[in-house]
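Residue 151 is where the sequence shown starts when you use our numbering, and the numbers rise one by one after that. All residues carry an ideal CB built from backbone N, CA and C; glycine is no exception. Single-structure report; data block below.
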Amino acid sequence: MSKFSFYYIVFYSIVWYNGTWRFPMKVTTSKSKNAESFYISKSFINDKGVSTSVNVRKLGTLADLLKKHGPTRDDVMEWARAEAKLETQKYKEEKTVNISFNSNKRLQPQQQVFYRGGYLFLQYFYYNLGLDKVCRKVRDKYSFKFDINSILSDLIYSRILEPSSKRSSYKCALDFLEPPSYQLHDVYRSLNVLAKECDLIQSETYKNSHLLGKRNDKILFYDCTNYYFEIEDEDGIKKYGKSKEHRPNPIVQLGMFMDGDGIPLAFSLFPGNANE
């Protein structure tokens, strides 16, 4: 193994084990009948691959904190966020990772030696957009047993890294450093749920996108395209219309709204025989 390959593996290992690279400390609150308490919590991925969080420090109740950091709740929240930032920096400085490496160890036949690590960078955006929390909301509404958060995240990563079909996306995810714990049939079953909750996913993603930076949403752009289906009869919103590929098949239309920087805001699907 070359030195470059070794440092490449070490880098990604540090990125993965140092959870604060993806999950900084944050302020959470808990309301009871008589008080509102402030905490600093840390998110992490548990052994089952599910995102969860744990409180690492209790800051106090709102009534007590107003006396020291008031006079308003916003002042208390600003102070609490500064404390969370300090806790994050402290955690990064104190956390160490030990990685052993044996340059003389020989690879075994039929052993996987290639892993995709590009998705590790994408995890930062996925979790800061709160998509894991959206998946928890969706999960609580249904009784399915598959991990919809893992499925959605892998589909997104694969779509960015190697755009292809759902089946090929699943195969792509099998090469990730963290291979899927679900099966291909779970991917297909999740699609109906994701489609039903499309509006929720879009609205939450847009709302959380402001946490990553200011959106240029004073100017909106709209564009429309369509997709054909190799069928002869209309079905649902698959209707005969003017195909951009000049195909004599039923189509479905997709309208996309983008901000002034060309970053998507929302999309909608509508029948192929409707006006754009």
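Buried or exposed by the 16-neighbour rule on C-beta atoms within 10 Å, applied to residue i
i	result
G422	buried
K181	exposed
Q403	buried
K388	buried
D219	According to the sequence as given, residue 219 is His; it is not Asp. When all chains shown are included, H219 counts as buried.
I413	exposed
N342	exposed
V226	buried
Y382	The identity of residue 382 in the sequence shown is Glu, whereas the question assumes Tyr. Per the 10 Å Cβ criterion, exposed.
P400	buried
S201	buried
L361	exposed
A232	exposed
A230	buried
S303	buried
S293	exposed
A424	exposed
Of the listed residues the options, nearest to residue i (C-alpha basis)
i	options	result
Y265	R339, C322, F275 and R207	C322
C348	I195, I190, S418 and L324	S418
Y241	K192, F275 and L341	K192
E228	R256, T178, S331 and P259	T178
T211	I195, E426, N184 and S315	N184
L334	L327, S319 and L344	S319
E380	P398, A230 and K364	P398
V204	I190, L216, L236 and Q239	I190
R286	I351, S250 and L311	I351
G268	V337, Y307 and E237	Y307
Limits of the unbroken alpha helix (DSSP H) element including residue i
i	result
L311	I298 to L311
I351	C348 to S359
M227	R223 to E244
I274	Checking the sequence shown, residue 274 turns out to be Tyr, not Ile. Residues Y269 to N278.
V288	L281 to K291
A424	Here A424 belongs to no alpha helix (DSSP H), and DSSP marks it neither H nor E.
K388	Element bounds for K388: n/a, residue is neither H nor E.
S319	K316 to A323
Residue span of the beta strand (DSSP E) that contains residue i, given as start and end
i	result
Y372	F371 to Y378
T211	S201 to T211
A416	P414 to P421
S180	K176 to K181
S187	E186 to I195
Between the CA atoms of residue j and residue i - distance to the nearest angstrom
i	j	result
L272	E186	35 Å
Y390	N278	40 Å
K176	F371	34 Å
E384	Y378	11 Å
F188	D297	30 Å
C374	Q261	46 Å
T246	K198	23 Å
E244	V206	15 Å
R317	D411	32 Å
R223	P174	22 Å
K291	R339	15 Å
E426	N358	28 Å
D409	R256	52 Å
A213	K283	29 Å
A416	S353	8 Å
Y332	L216	48 Å
V263	I249	18 Å
F251	S393	57 Å
K346	F194	28 Å
P330	L344	18 Å
K208	D325	40 Å
D367	N254	56 Å
Interface flag, residue i vs chain C, CB-CB below 9 Å
i	result
E237	Looking for chain C here will not work: only one protein chain is present.
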